[in-house]
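Residue numbers (my numbering): 208 to 663.
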C-alpha cells in the first residue's frame, strides 16, 4: 500500500522498501542493521526505536514476504521514459535496464543508498552478488552486464569501481548529473547525455575564413570526406596553436562544410569542471552513441590528458590515446593550445596534425566584422583587428552584451567590453586612441607676446 513518505517519492515507495529490505535480509545487511545508526533507514521502515527489536525484525520479514508476493514496479514516468529511450538507443537488455534503474534511484534517494551501505565494504564480486540479491537477478546475468565488452563498459555509463568500498561507491556512474537527468523527461538521447556530450552551436565562419591554412584545409576536407564515406576507424585530427586562433570555430566550419553534426566532449558535467577521467569516459560514450550517424566529435581543451604533470595520469592518458586513436568509430578532432609537452609518439598517431596560426590582420578584420553583427563601424573593426588576441568568441560575447544595452555610442561600449575581457585573460587591452593635439593657428607668432612673466 502506498503512503506519504519524506524519504522517497510515492511512485517508488513500495519498490524502494522492497530493495531496502532485500539489502538487509538477502544481501547481508542484517547484522549492521541490528546496530543501525542510520536514523533515516529506521524511520523509513517505521522503526521507532534507536535499535530494532526482535518483534521489529519479524514484522519487517513479514512485510518483505508480502512485498515479494506483490507485483511491484517503478511508477516514476519520467525515469521509465528515459530508461526506455536508453534501451532503444543503446540496446540494453532487461537486466541492464533494471541495474541502471537501481543505480539511478540509489544515487538520488539517500535512504536507499544508506541501506546499501549497511552491507559494509565489498569487493567487485561481492558488489555484483549484492546487486543480484537486491534486484533478485541471476548472479551470472549481473556479471555479464558488467563484462568488458558489454553495453555498460562500451558506453562507460556504469561500471564497478575496483577502488570503491560501499555498494554506492563501487557502482560508478559516468557523472552525477547524468543520474539526475534521468528523472527529467528527455525528448532525445542528446538530452539524456548532455552532461557528457553535447551538440555544438553553429558558427558564422566558413573554412574560407582561414586562408592562411588554405592548403591544409583542402587536405583535411578531402581526407575526412573519404574516410567517413568508407566508414574507416581510427580517424583523428590534431589542431594546435595558441589560444584565440579560432581552432574551435574552425572545427565547426569543417563539420558544416561536410554536412556533419558536430558534438563536443563536455568539460563541464553540470556540477562543475569535469576532470580528465570523466572526460575520457564521456569520449567513450560518444564513440558508442554517435557511431551510427553522420557525426563528427570534437575534444576541445585536450591538455587535460595530453599535458598532465601527474606521471600516473600521464601514463593512463597515453595508454588511452594510443588505444583509442586506432579504434575510435567516430572521427574526432582534438584541440590543444600547447603541443610542446605532448609525447612525440602520441603526436605521430594522429592522421593529421595542423597548426592553426594567428590569422593576418585583414582576415581578423573580416572575422570581427562578421561576428560583430553590424554593431560597430569599420574604423573600430580595423582597430580591434590590430590585436591578435581578439578571438571570435570574445567578439560574439561583446555583441551579445552591447545588443542589450540602451546606449547610443555602441562603439565605445563594444570596445570597453572587449578590453575588459582581454584584461581578464591577461592579454593587452585595445590601444587607446591618441588625443589629437591642439594646433595653434598659423597666424600665431610668439614674438608678439608681451608678458611680464616667463611663459616657458
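Glycine included, every Cβ here is placed at the ideal spot set by N, Cα and C.
Predicted, not measured: the structure shown is a model, and the values here were computed from it.
Under the three-state DSSP convention, the category residue i falls into
{"i": "residue 586", "result": "helix"}
{"i": "residue 208", "result": "Low per-residue confidence applies at residue 208: pLDDT is 45, beneath 50, and the placement is therefore not dependable enough to give any value."}
{"i": "residue 406", "result": "strand"}
{"i": "residue 366", "result": "strand"}
{"i": "residue 233", "result": "coil"}
{"i": "residue 379", "result": "strand"}
{"i": "residue 594", "result": "coil"}
{"i": "residue 444", "result": "strand"}
{"i": "residue 511", "result": "helix"}
{"i": "residue 550", "result": "coil"}
{"i": "residue 356", "result": "coil"}
{"i": "residue 348", "result": "helix"}
{"i": "residue 417", "result": "coil"}
{"i": "residue 397", "result": "helix"}
Residue range of the unbroken alpha helix (DSSP H) whose run includes residue i
{"i": "residue 315", "result": "301-315"}
{"i": "residue 484", "result": "483-496"}
{"i": "residue 628", "result": "617-632"}
{"i": "residue 296", "result": "284-297"}
{"i": "residue 264", "result": "261-276"}
{"i": "residue 606", "result": "599-609"}
{"i": "residue 499", "result": "Segment: none, residue 499 is in no alpha helix (DSSP H) and carries neither H nor E."}
Span of the beta strand (DSSP E) around residue i
{"i": "residue 329", "result": "Segment: none, residue 329 is in no beta strand (DSSP E) and carries neither H nor E."}
{"i": "residue 410", "result": "Run containing residue 410: none; DSSP gives neither H nor E here."}
{"i": "residue 562", "result": "559-562"}
{"i": "residue 456", "result": "Where residue 456 is concerned, there is no enclosing beta strand (DSSP E), although the alpha helix (DSSP H) it sits in stretches over 454-464."}
{"i": "residue 468", "result": "468-472"}
{"i": "residue 435", "result": "Note, residue 435: premise wrong, no beta strand (DSSP E); alpha helix (DSSP H) at 421-436."}
{"i": "residue 504", "result": "502-506"}
{"i": "residue 542", "result": "539-543"}
Alpha carbon of residue i to alpha carbon of residue j, nearest angstrom
{"i": "residue 324", "j": "residue 423", "result": "56 Å"}
{"i": "residue 392", "j": "residue 574", "result": "40 Å"}
{"i": "residue 373", "j": "residue 394", "result": "34 Å"}
{"i": "residue 636", "j": "residue 396", "result": "43 Å"}
{"i": "residue 633", "j": "residue 599", "result": "17 Å"}
{"i": "residue 490", "j": "residue 548", "result": "22 Å"}
{"i": "residue 595", "j": "residue 452", "result": "8 Å"}
{"i": "residue 627", "j": "residue 601", "result": "10 Å"}
{"i": "residue 243", "j": "residue 251", "result": "13 Å"}
{"i": "residue 329", "j": "residue 474", "result": "32 Å"}
{"i": "residue 321", "j": "residue 245", "result": "7 Å"}
{"i": "residue 239", "j": "residue 371", "result": "19 Å"}
{"i": "residue 313", "j": "residue 363", "result": "18 Å"}
{"i": "residue 387", "j": "residue 402", "result": "10 Å"}
Contacts around residue i, its chain only, beta-carbon distance under 8 Å, and the 5 residues preceding and following it disregarded
{"i": "residue 366", "result": "353, 359, 360 and 379"}
{"i": "residue 500", "result": "468"}
{"i": "residue 331", "result": "367, 369 and 377"}
Rounded Cβ spacing between residue i and residue j (contact assumed at less than 8 Å)
{"i": "residue 406", "j": "residue 468", "result": "6 Å"}
{"i": "residue 306", "j": "residue 279", "result": "The Cβ separation is near 17 Å, so there is no contact."}
{"i": "residue 562", "j": "residue 447", "result": "6 Å"}
{"i": "residue 400", "j": "residue 496", "result": "7 Å"}
{"i": "residue 156", "j": "residue 283", "result": "Given a span of 208 to 663 for the chain in the structure shown, any question on residue 156 remains unanswerable."}
{"i": "residue 492", "j": "residue 404", "result": "6 Å"}
{"i": "residue 316", "j": "residue 385", "result": "16 Å between Cβ atoms; not a contact."}
{"i": "residue 512", "j": "residue 533", "result": "Actually they are not in contact, since the Cβ atoms of residue 512 and residue 533 sit about 16 Å apart, beyond 8 Å."}
{"i": "residue 382", "j": "residue 485", "result": "6 Å"}
{"i": "residue 417", "j": "residue 390", "result": "That pair is no contact at about 43 Å."}
Beta-carbon proximity list for residue i, same chain, < 7 Å, skipping 5 on both sides
{"i": "residue 568", "result": "592 and 593"}
{"i": "residue 208", "result": "Low confidence applies to residue 208: its pLDDT is 45, below 50, so where it sits in the model is not reliable enough to give any reading."}
{"i": "residue 502", "result": "467, 468, 470 and 537"}
{"i": "residue 303", "result": "352, 358 and 359"}
Neighbour flag for residue i against chain C, beta carbons, 7 Å
{"i": "residue 300", "result": "Although the question refers to chain C, the structure presented lacks it and comprises just one protein chain."}
Proximal residues to residue i (C-beta, below 6 Å), its chain only, five neighbours per side dropped
{"i": "residue 222", "result": "279 and 281"}
{"i": "residue 349", "result": "335, 338 and 339"}
The ligand MN heavy atom lying under 6 Å from the CB of residue i
{"i": "residue 421", "result": "As far as ligands go, the structure on display features none, and thus does not contain the ligand MN."}
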